[in-house]
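**Q** Those letters in the sequence shown? Residues 4 to 730, by this note's numbering.
Where a beta carbon is used, it is the ideal one built from N, C-alpha and C, also for glycine.
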Amino acid sequence: MSFAGIYPIPREIVLLDGFLPIEDATIAVSNSLPPSSIDSARILVEGIAERMKSTLKLRCISDIPCDERFIFVGEVSDFDEVGRRISSLADKLVFHREGYLLAVYDRYAAIIGADPHGVFYGVQSLLQLIDNLGCSSIPSMIVRDWPYKPIRGFHLYLPSRDNIGFLARFIKYFLAYYKFNTLFLEVGGGMRLDRHPEVNAGWMELCRDVKARGERPKGPQNRFQDSVHHELGGGGFLEKEEVKAIVEIARRYHIEVVPEIQSLTHSYYLVAAHREIAELPEADWPDSYCPSNPGSYKLLFDVIDEYMEALKPRMIHIGHDEWRTAGLCSRCRSRDAADLFAEDVTRIYEYLRSRGVGVAMWADHLIKGHNGVGRRKVSADLLVDTPTTWQAAEKIPRDILMINWGSARSPENDEELASYGFKQIYGNYSSLEFIDWPNRSRHDWILGGEVSSWLDVNERTFWRDGVIYNAFMSINDFWSIHYPDRIVKDHIFSRISRILKARLSGRDYPSLMGDKEFFMVDIAGYANAPIRDEVEGYDLSHLYKGEVTECSPIPFRVSESRDKAVAIVDRMVDSRVSIRIGRRANSLIFIHASTKPGVKVYSHYASFRCPDLAAECIGLYEVVYEDGFREIIPIRYGENIAEWNNTLYDTLSDPILDYRVDGVSLYAYEWVNPYYDKVIGSVDMIGVEGLSNTKPILVAITGVELQSYRRYFESGLGRRMHIGNRF
Ligand SMILES: [Zn+2]
């Protein structure tokens, strides 16, 4: 399957001869276009300006002369008004919900959505064509496209205040760009609650304690409790205006926010300051409220009210997964756990329905093959006590949207849930693990899926833990009916990942700038290791020798010597290789790989205290400026380097895999130099001791210098940033 520039793969695409130059086109709208579609036209203007540095005019189609190039943006309902200008499209219109027609001819293009969402998705597809085809002329084509499934979700925690900007970029440049339409936003105690400030205070105290412990709290008698999600809000809370702003950004980009307000289970945030409603008050930090205590609902509904007022959701996700403390208090002890569960769900459901809000929940306690059949397990150090609750499925309302998670390899769970009449989406979906999506998803009671991030919401963890990669791989299942091989999807991802990295970081990478000039550092004189070493376990002999410019977007020079081909340092602090640079640079790109896999753990486990421990530091680059000033760059396994024969693509936070030939993978890590005015004397590669015996292999260094910087510096017209002292 060849890639025509739009992902997820559109339903129908027909390539034609010719091109539309878009630099001098006008964006055209009808007179009657509704505001949300006008905004999609504006998003197209903004998107083109960002990519091509030219701001196209936005005008009514009736004001555009016949000989002027235009891109029409509108809805099917506009067609009567504008059809005269684009009459050839009459028989190609798309009427499926969220669908669009994108037609590109050499005189004009048209994006015609079946509804406002369709208009928006047509705009995103056109922006993708500009990104992926890398030119200001779009090849002529006709795309007819609409989604396979109506719910294409992503689950995350409220971010910390520092990461609101990242989340905004993630929504715009990733989720919306790839046509996700639902954000399950877990909120807990992470928004300022005016009526219950003690809930916020309790939440913060709990998170501080959990970070100090370095693990989730246990209950009495080493009782296993569910997870705290202490990363939510960074362990603190946001102001209402900040949370509202997140929801507004999502709405502008056609993503519906479904707040997840966890109830019954994972309710630490409610109980922290209200031990009187806890099911197990003697726990250090109780994880559930008591469903027989009316006080539980008084507090919960107060909290729900504040979220409803602030966020105005159409649906709320009420949690309810992983109930570990059921029927323990004196009021609940005589009750059946399934009855308690069903009564709790129904009570919250009725409260929300009476206010016109729909309900979603995790489905595990309704499935016998999942958490529905309790399994009491006592080991030497842990009591895992789960109740039998599956009978509740027969007792709760059928119009609750079920989120069926943990069923990637259990197709029978889908049918079991459906047999009660529930509609469902797959939760914690991963295209890489899920068995038989095309067949299992064909039923109309499967409404889609959601990809989850159970992590700090930030750029580093989202890349490093493969969240971005997994979401990228999975969205094609939710939207498309075409299933390219993983290797094809990898290739599509690799083409966009450098741009995506820059957009999600909000930073300019010099290697992506228009006035960049690469310079290749010759490391042959500093190399200390052969091209192939059986003891160290690497073999780079398939690398091209000399200057590599064809198969990598970053040119680099490989030593031609077989014996002194690459630079390696041992895992000890006095192991060092010093490489002369001797010039100014805006960035340096290290082309490297490691000899073996290093140590890397899921960020959640490192998040309690030391997030850096999630990716083992296997060496350092020390940039030494000529004035003696130094900058240290850690080389972290799974973050900016991976093993030379790694074939996966899923885990680097700098996922710039530019080069893969004959089983050799190299990673290009771009370090942006904050001090252009200082001459870089050398880069020292330094060993560090650590957990594994993997070693970094430096194959090449390529520098980037921006012509604008050099011109101002050399001509003396720009100001030189000397402040008088050495550093
Ligand atoms: Zn109770």
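What separation, rounded to the nearest whole angstrom, lies between the Cα atoms of Asp402 and Ile449?
**A** So the two alpha carbons sit approximately 13 Å from each other.
**Q** Going by beta carbon distance, what residues of the same chain come within less than 7 Å of Gln127, once the five residues before and after it are set aside?
**A** Closer than 7 Å at the Cβ level, and outside the excluded window around Gln127, lie Ala179, Tyr180, Lys182.
**Q** Please return the same chain residues whose Cβ sits closer than 7 Å to the Cβ of Asn728, not counting the five positions on each side in sequence.
**A** Since pLDDT at Asn728 reaches only 48, below the 50 mark, its modelled position is unreliable, and the value read off the structure follows with that caveat. Correct list: empty, nothing qualifies.
**Q** Give the DSSP-derived three-state secondary structure of Asn442 in the structure shown.
**A** Asn442: helix per DSSP, three-state reduction.
**Q** Compute the Euclidean distance between the alpha carbons of Leu188 and Ile264, then round it to the nearest angstrom.
**A** Each residue's alpha carbon lies about 9 Å from the other.
**Q** Could you give the residue range of the alpha helix (DSSP H) that holds Asn203?
**A** Residues 200-216.
**Q** By DSSP's criteria, Tyr672 is part of a beta bridge. Which residues make up the other side?
**A** DSSP lists Phe593 as partners of Tyr672.
**Q** Only counting runs of 3 or more residues, tell me where the beta strand (DSSP E) segments fall wholly within the segment 66-153, in order along the chain.
**A** Here the runs fully enclosed are 73-78, 103-107, 111-116, 140-148.
**Q** Looking at Gly549 and Trp621, is the spacing between their C-beta atoms short of 8 Å?
**A** One point to set straight first is that residue 621 is Ile, not Trp, in the sequence displayed. In this structure, Gly549 does not lie closer than 8 Å to Ile621 by Cβ.
**Q** Please classify Gly585 as buried or exposed, where buried requires at least 16 other C-beta atoms within 10 Å of its C-beta.
**A** Answer is exposed; the Cβ neighbour count stays below 16.
**Q** Name the two residues that bound the continuous beta strand (DSSP E) containing Phe522.
**A** Residues 519-524.
**Q** Buried or exposed for Glu15, going by 16 or more other Cβ atoms inside 10 Å?
**A** Exposed: under 16 other Cβ atoms inside 10 Å.
**Q** What separation, rounded to the nearest whole angstrom, lies between the Cα atoms of Tyr712 and Gly721?
**A** So the alpha carbons of these two residues sit roughly 8 Å apart.
**Q** Name, in chain order, the residues that DSSP records as bridge partners for Phe559.
**A** Phe559 is bridged to Val551.
**Q** Measure the Cβ-Cβ separation of Ala596 and Glu646 and say whether it is below 8 Å.
**A** Closer than 8 Å, so yes.
**Q** Kindly indicate the opening and closing residues of the beta strand (DSSP E) around Ser266.
**A** Where Ser266 is concerned, the enclosing beta strand (DSSP E) stretches over 259-266.
**Q** Can you tell me whether Tyr423 is helix, strand or coil according to DSSP?
**A** Coil.
**Q** Confirm the yes/no value for this check: CB of Pro294, any heavy atom of ligand 1, distance under 7 Å.
**A** Pro294: yes, Cβ under 7 Å from ligand 1.
**Q** For Val749, I'd like the list of residues in its chain whose CB is within less than 7 Å of its CB, leaving aside the five on either flank, ordered along the chain.
**A** Lying outside 4 to 730, the shown extent of the chain, residue 749 is not represented and no answer is given.
**Q** With DSSP collapsed to three states, give me the class of Gly168.
**A** It is helical.
**Q** Quick check on DSSP: helix, strand or coil for Val297?
**A** Correcting the residue identity first, residue 297 is Pro in this sequence and not Val. Looking at Pro297 - three-state DSSP - the assignment turns out to be helix.
**Q** Taking all protein chains shown into account, decide if Gly690 is buried (16 or more other Cβ within 10 angstroms of its Cβ) or exposed.
**A** With 16 or more Cβ atoms within 10 Å of its Cβ, Gly690 is classed as buried.
**Q** At which residues does the beta strand (DSSP E) containing Asp493 begin and terminate?
**A** Asp493 -> not in any beta strand (DSSP E); alpha helix (DSSP H) instead, spanning 489-508.
**Q** Might you give, ordered along the chain, the residues of its own chain that have their beta carbon closer than 8 Å to the beta carbon of Asn473, omitting 5 neighbours on each side?
**A** Within the same chain, Asn473 has close Cβ partners Ser433, Ser434, Leu435, Val454, Asp653.
**Q** Based on the DSSP output, what are the partners of Glu189 in its beta bridges?
**A** Paired residues: Tyr160, Glu263.
**Q** Okay, do the segment 266-281 and the segment 157-177 touch, 3+ Cβ pairs below 8 Å being the bar?
**A** In short, these stretches do not touch, since the Cβ pair count stays below three.
**Q** Look up Ala618 in the DSSP assignment and give the residues it is bridged to.
**A** Partner(s): Lys603.
**Q** Alpha carbon to alpha carbon, how far is Leu515 from Tyr628?
**A** If you take the alpha carbons of Leu515 and Tyr628, they lie about 24 Å apart.
**Q** Which residues share a DSSP beta bridge with Arg586?
**A** Arg586 is bridged to Ile683.
**Q** Measure the CB-CB distance between Gly193 and Leu235 and report whether it falls below 8 Å.
**A** In contact: Gly193 and Leu235 (Cβ atoms closer than 8 Å).
**Q** Mind checking whether Leu23 and Ala44 have CB atoms under 8 Å apart?
**A** No, the Cβ-Cβ distance between Leu23 and Ala44 is not below 8 Å.
**Q** What are the boundary residues of the beta strand (DSSP E) that Leu19 is part of?
**A** Run containing Leu19: 15-24, per the beta strand (DSSP E) assignment.
**Q** Would you tell me roughly how many angstroms separate the C-alpha atoms of Lys698 and Val32, rounded to the nearest one?
**A** Cα to Cα, Lys698 sits roughly 58 Å from Val32.
**Q** To the nearest angstrom, how far is the alpha carbon of Lys603 from that of Leu92?
**A** In a straight line, the C-alpha of Lys603 is about 53 Å away from that of Leu92.
**Q** What residue range is occupied by the uninterrupted alpha helix (DSSP H) comprising Ser43?
**A** Looking at the DSSP string, the run of the alpha helix (DSSP H) that includes Ser43 is 38-55.
**Q** For Arg198, collect the residues of the same chain with a Cβ closer than 7 Å to its Cβ; drop the 5 residues on either side in sequence, then sort them by chain order.
**A** Excluding positions up to five away in sequence, the list reads Asp305, Glu309.
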